Structure formats: structure tokens, C-alpha cells
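Residue numbers (the working numbering), protein chains in the order written: chain L, 65 to 170; chain P, 65 to 170.
In this text, a Cβ means the ideal position worked out from N, Cα and C, and glycines have one as well.
Given the structure is predicted, the values throughout are model-derived calculations rather than measurements.
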DNA sequence: TTAATATGATACCAAATGGTATCTCATTTG
DNA sequence: CAAATGAGATACCATTTGGTATCATATTAA
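Here you go:
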């Protein structure tokens with residue numbers, strides 16, 4: 065799917081997909097198991113898994129007739145990289161905000 | 065707009081909006097200035113700014129007939145919070161990956 | 001005050017998105 | 001083998017999204 069930063073951010077933009085990521089952080093799961101946790105069809109969950117896979121956030125291990133979905137830590141890297149670009153900015157602004165609050169409280 | 069985590073993630077899901085965030089990290093800009101940087105109409109840029117504003121990522125200061133758009137560091141907090149939930153997970157997985165690679169290279 | 005500038009608002013459109021229903025295929029299991 | 005199970009694929013649908021065109025409004029400048 066080419067642009068990993070875009071695909072990863074896109075994958076995280078949906079609340080159901082973020083929930084899936086959190087569930088898979090606890091343990092690997094099949095589509096069937098995931099579907100049990102949501103109020104939607106297996107086909108819908110499958111679509112979300114495809115988007116997560118395109119984003120590099122999960123991988124699938126075929127095991128007999130089951131597919132084990134597993135979180136891929138490397139997939140989050142582009143997101144963290146992009147965000148880290150602002151580390152200094154956030155720090156500076158948050159610090160000046162904090163200082164402003166402290167000045168006011170005197 | 066209520067759900068800040070969702071709105072912030074949604075705001076970051078579009079490449080144009082991420083570019084806007086990066087531009088505003090360098091300096092505050094009006095819509096007109098931002099529009100000069102993109103190959104789209106002012107109306108389109110305005111829509112992106114609205115989404116960024118809903119996500120709490122920018123604020124606007126009215127100044128005469130101009131509107132100064134400025135990055136809001138606090139807006140990124142819900143995103144960083146959500147991601148930080150996985151810090152330990154990423155660390156563990158990346159470490160075991162690293163170890164696996166090292167074992168293989170022996 | 002009139003014209004230019006900076007922006008907002010709205011109607012409209014094509015494409016993408018999130019979902020269902022349905023059919024097929026592969027692997028277990030009785 | 002036959003039936004049940006787990007999953008993929010596709011067609012279809014309503015809504016959202018990203019964009020344009022156009023018109024209206026407020027402020028600044030001539």
C-alpha cells in the first residue's frame with residue numbers, strides 16, 4: 065500500500081479500529097473472536113482488519129482454517145515519528161502555558 | 065464537538081491537514097497564506113481548518129479582517145495519551161524482535 | 001465613500017467509507 | 001464422506017469526505 069504514514073494514520077482514525085488495536089494488544093485474536101466483541105458483522109470487522117493491515121499495524125498468521133491477527137509494533141513507527149517532530153514544539157508551548165498559569169496564580 | 069480523541073485522530077488522518085499542522089508549527093498563518101501553499105481553493109483549506117479546530121489542534125485569533133491560525137499544543141494530548149497506552153507493548157515487542165535478529169545473526 | 005481585500009457560508013458533486021447480505025471456499029469433525 | 005465451522009469476496013447501500021463554484025460580509029485603503 066505504499067505510503068505507510070498515511071495508511072497508519074488513516075487506520076487509527078476510526079474508533080472501531082482503535083478498539084481492535086487495544087484488544088489485540090492484550091492478546092492475538094481471530095476475526096471470529098473480534099466479531100464477538102463488536103456489534104457488527106464479520107464482513108465489517110474484516111474490512112477494518114484490512115485497513116489495519118494496510119497500515120502495517122497488524123499481521124495475520126494462517127493456522128488451519130483460522131487466521132490469527134496480531135499487532136505489529138513496527139507499524140506504529142511512522143505515526144510516532146511524525147508526532148515526534150513536534151516534541152520540542154509541544155514542550156515549549158506547554159511550558160509557556162504552564163508558566164503563564166503559574167504567573168496568574170500569584 | 066465532544067469526543068476529543070476521535071476528533072483529534074480524525075483531524076490527523078488527512079495528509080493536507082498534517083501538512084497544515086507542520087506549516088503552523090513553523091509560524092502562525094492566515095487562511096490566505098495557507099492557501100498559497102496548497103493546490104486547492106480557500107474553501108477547501110477552510111474546511112480542513114474547521115476539522116483541525118474541531119480536533120482542538122488549532123485556534124483562531126481574529127485580527128481586523130484577518131484570522132490568525134495557530135497550533136494548539138494541548139490538542140495533541142488525547143492522541144499522545146492514547147498512543148502512550150502502548151508504550152510498554154511496543155518496547156517489549158521491539159526488544160524481542162531485536163533479540164531475535166541478534167540470535168539469527170550469530 | 002468606493003474599491004479592494006480577507007474571510008465566511010452554502011449548495012453541489014464525485015469518490016471514499018463503513019456497513020450489510022449473500023455466496024463461495026477451505027478445513028475440521030462426526 | 002457429509003456436515004459444521006471459520007473465513008474470504010463481492011455486490012450493494014447510505015453517509016461522510018474532500019473538493020469546487022458562487023455569493024455574502026466585514027475591514028482596510030485609495
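Just grab the DSSP bridge partners of residue i for me.
{"i": "residue 93(P)", "result": "133(P)"}
{"i": "residue 126(L)", "result": "131(L)"}
Assuming contact is defined by CB atoms lying nearer than 8 Å, are residue i and residue j in contact in what I supplied?
{"i": "residue 139(P)", "j": "residue 72(P)", "result": "yes"}
{"i": "residue 99(P)", "j": "residue 131(P)", "result": "no"}
{"i": "residue 120(L)", "j": "residue 74(L)", "result": "no"}
Kindly give me the distance between the Cβ atoms of residue i and residue j, rounded to whole angstroms, as I take these residues to be in contact under 8 Å.
{"i": "residue 92(P)", "j": "residue 129(P)", "result": "The Cβ separation is near 16 Å, so there is no contact."}
{"i": "residue 142(P)", "j": "residue 68(P)", "result": "5 Å"}
{"i": "residue 82(P)", "j": "residue 146(L)", "result": "7 Å"}
{"i": "residue 87(P)", "j": "residue 101(P)", "result": "6 Å"}
Between residue i and residue j, what straight-line distance do the alpha-carbon atoms span, to the nearest angstrom?
{"i": "residue 170(L)", "j": "residue 151(L)", "result": "Confidence in residue 170(L) is poor, its pLDDT being 46 and thus under 50, which makes the residue's placement too unreliable to answer from."}
{"i": "residue 107(P)", "j": "residue 84(P)", "result": "14 Å"}
{"i": "residue 123(P)", "j": "residue 105(P)", "result": "21 Å"}
{"i": "residue 156(P)", "j": "residue 103(L)", "result": "31 Å"}
{"i": "residue 149(L)", "j": "residue 149(P)", "result": "20 Å"}
{"i": "residue 153(L)", "j": "residue 97(L)", "result": "41 Å"}
{"i": "residue 125(P)", "j": "residue 125(L)", "result": "51 Å"}
{"i": "residue 144(P)", "j": "residue 66(L)", "result": "25 Å"}
{"i": "residue 70(L)", "j": "residue 70(P)", "result": "17 Å"}
| message | Under 8 Å: do the region 72 to 88 of chain P and the region 101 to 113 of chain P share three or more Cβ pairs, one atom per stretch? | response | For the pair of segments examined, the region 72 to 88 of chain P was found to touch the region 101 to 113 of chain P: the number of CB pairs separated by less than 8 Å reaches three.
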